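The listed protein sequences derive, respectively, from chains A and B. Quick note on numbering: numbering that gives the first Met the number 0 labels position 44 of the first sequence as 43, and the sequence is numbered without any gaps. Quick note on numbering: numbering that gives the first Met the number 0 labels position 14 of the second sequence as 13, and the sequence is numbered without any gaps. Reviewing the structure listed below.
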Amino acid sequence: MLILECPNCGVMADETELSAGGEAHLKRFGPGSSDEEFEGYLFHRANPKGVHFERWRHANGCGKWFHAARCTNTLEVFATYTAQTSTVPDTVIAAIKAKRPDWSHET
Amino acid sequence: MRRYSAFAIAREAARYHQGWERAWASPEPKRAYDVIIVGAGGHGLATAFYLGKNFGITNVAVIEKGWLGGGNTGRNTTIIRSNYLQDPSAAIYEKARSLYETMSQDLNYNVMFSPRGVLMLAQTEHEVRGYTRTAHANALQGVKTEFVGPERVKEIVPIINIDGPRYPVLGALWQARAGTARHDAVAWGYARACSDMGMDIIQKCEVTGVNTENGAVTGVETTRGTIGCKKLGVVVAGHSSVLAEMAGFRLPMESVALQALVSEPIKPCMDCVVMANTVHGYMSQSDKGEMVIGGGTDGYNNYTQRGSFHHIEETVRALVETFPMISRLKMLRQWGGIVDVTGDRSPIISKAPVEGMFFNCGWGTGGFKAIPGSGWGFAELMARGYSPLTAEFGLNRFREGRFIDESVAAGVAH
């Protein structure tokens, strides 16, 4: 079972306590943007086989949102971090690179 | 290719079965083909088959990372039905269902299509209204279905508990001509027919890159060298996003794990397929006697081909209330597959942003039933550039807001 540490309340939460919220750090586009940008924001997903940044909610716990860096191919969790950021923190990138030296972060 | 027949069995029986040929060849890849299909699952092989049969295009390679039919084709619960709400869905699934009826004869390969009927239970008032609407839509689409009451459900499936308490059966959408087929045989039958037409089926050959020139596809890099092509059809289900990334674009898709399980074999007790969408479960009995059970998907992106245990628990818990007799069944095996779920839960059968490249993906949790129809339409799209069967399933529908919204219409077990 997938276990993530909630950075808001510090609980090691089983996935039955959590609800997945999809890809993190999507750039929002609204009125005034092009059709392409809006389509990309609404539907296009990286869906990588490997390192994935994603949103989670500690639904049956503290109820708050957070982010996680996780490998979709091995279910290895590299880090969980606050949702109050629009970019991946350097500490999280370092944690991933420590385990995956060949991995590079695309923005 | 020697045809399979009762006569062939007698002939081989008389000579100790020494004369059976290999069903398909295992050739080395050539340097180039007219068409390369990536993915030798049901949809990929069906595409190759109809390219040859309907359009005479036989300089085709089907390349496969693992082994033939070893992905979701070999992992599904083999349900075939076409009782969809939206017209484009009903058209392609009904085409597929009708092709399944004659597939054994067409391929000279017994796919064991068994039109045993599919019941989709209505266990809430909303589902009663939803399925009544679907039955009306199906009548207009020419798909034979009917909404039946709880007593008729009990007649069709005596082992069912229609009284609840939590999940009473209020009725069901009944498609008598739906059913099941032997999933592996579908892949094997198509592979044998493709090989017979001179197509190359190349297994253990993983695509590692897509080669393009001036925005047009020229071939693929594989673990067995560069293979050139004029047209490239990508039919790789859960790994579609990975192939799209190789070609430099994103798809409106996420890959998640879907699980199924089978029980120990028991005597025949249920001669149709029962789907219960409210409780995320569906069940049928295989010819071996195992109860084949499918559940819901996990909520998060996953490529590991295994799922979370609590989903199985939820599925089985709910099914036990509907089928009290299965409470003492032992479960034998459980497995998972990676399914590609799109933004509107309907498939993508489309030209790609790269010239000469085509995608057939996004079948999500319900691709097996569509194999022949999908192959038929995708082959037409690749050969002619347009197919009435697939026209509504283009990638552009996400930009234009023309969704085929079966996720609302059909519930989760889609």
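Ideal Cβ placement from N, Cα and C applies to all residues, glycine included. Note that the structure is predicted; figures quoted are calculated from it, not measured.
Proximal residues of chain B, C-beta to C-beta of Lys96 (chain A) below 8 Å: Ordered by position in chain B, no residue passes the 8 Å Cβ test against Lys96 (chain A), which lies about 20 Å from the chain.
Residue environment, Asp343 (chain B), which counts as buried when at least 16 other CB atoms sit within 10 Å: buried
Positions along the segment 48 to 60 of chain A whose CB lies within less than 9 Å of some CB in chain B: Lys48, Gly49, His51, Glu53 and Trp55
Beta-ladder partner(s) of Asn210 (chain B), from DSSP: B:Gly218
Where Thr15 (chain A) meets chain B, residues with beta-carbon distance less than 9 Å: Ser307 and His309
Interface flag, Glu38 (chain A) vs chain B, CB-CB below 8 Å: yes
Chain A residues whose Cβ lies nearer than 9 Å to that of Thr303 (chain B): Thr71, Asn72, Thr73 and Leu74
Amino acids of chain A, ordered along the chain, whose beta-carbon sits closer than 8 Å to that of Leu250 (chain B): His43, Arg44 and Asn46
Status (buried if at least 16 other CB within 10 Å, exposed otherwise) for Leu231 (chain B): buried
Contact list for Val241 (chain B) against chain A, beta-carbon separation under 7 Å: Lys48
Every unbroken alpha helix (DSSP H) within the segment 294 to 357 of chain B, with a cutoff of 4 residues, ordered by chain: 308 to 321
CB contact below 8 Å: Tyr299 (chain B) versus chain A: yes
Exposure label - Ala409 (chain B); buried when at least 16 CB within 10 Å: Interpretation of Ala409 (chain B) is limited by its pLDDT of 47, a score under 50 that renders its predicted location unreliable; the figure taken from the coordinates is listed afterwards. So Ala409 (chain B) ends up on the buried side.
Min CB distance Ser326 (chain B) to chain A below 8 Å: no
Cβ separation of Ile347 (chain B) and Phe358 (chain B), assumed to be a contact under 8 Å, to the nearest whole Å: 6 Å
Through-space distance from Glu313 (chain B) to Ser21 (chain A), alpha-carbon basis: Rather than Ser, the amino acid found at residue 21 (chain A) in this sequence is Gly. Gly21 (chain A) and Glu313 (chain B): Cα-Cα distance of roughly 22 Å.
Enclosing alpha helix (DSSP H) for Gly88 (chain B) [first to last residue]: Reading off the sequence, residue 88 (chain B) comes out as Ser, not Gly. Note, Ser88 (chain B): alpha helix (DSSP H), Asp86 to Glu100.
Of the listed residues B:Asp33, B:Ala13 and B:Ala7, nearest to Ile226 (chain B) (C-alpha basis): B:Asp33
Any C-beta of chain B under 8 Å from that of Val34 (chain A): Note that residue 34 (chain A) corresponds to Asp in the displayed sequence, not to Val. Yes, Asp34 (chain A) counts as interfacial toward chain B.
Residue-chain proximity (Phe377 (chain B), chain A), Cβ-Cβ < 8 Å: no
Start and end residues, alpha helix (DSSP H) containing Ala9 (chain B): Ala5 to Ala12
Cβ-Cβ separation, Ile200 (chain B) to Ala39 (chain B) (assumed contact under 8 Å), whole Å: 6 Å
Candidates B:Met282, B:Cys193, B:Pro251 and B:Asp162, of which the one nearest Ile56 (chain B) by Cα: B:Cys193
Trp187 (chain B) and Ala22 (chain B) closer than 8 Å at C-beta: yes
One or two residues paired with Arg80 (chain B) in a DSSP bridge: None; Arg80 (chain B) has no bridge partner.
Minimum C-alpha distance to Ile265 (chain B) - residue among B:Lys29, B:Ala275 and B:Met290: B:Met290
Buried versus exposed call for Tyr130 (chain B) [16 or more other C-beta atoms within 10 Å across all chains shown]: buried
Short CB-CB distance (under 8 Å) between Glu391 (chain B) and chain A: no
Rounded distance between the beta-carbons of Tyr40 (chain A) and Phe28 (chain A), thought under 8 Å: 4 Å
C-alpha distance - Pro47 (chain A) paired with Gly148 (chain B), whole-angstrom precision: 46 Å
Beta carbon proximity, Ala12 (chain A) to chain B, threshold 8 Å: no
Proximal chain B residues relative to Ala19 (chain A), where beta-carbon distance stays under 7 Å: Gly298 and Tyr299
CB contact check: Arg398 (chain B) to chain A, cutoff 8 Å: yes
Short Cβ contact (8 Å threshold) for Met282 (chain B) with Leu318 (chain B): yes
Secondary structure of Cys193 (chain B), DSSP reduced to three states: helix
Ile2 (chain A), buried or exposed, once every other Cβ within 10 Å from all chains shown has been counted against 16: exposed
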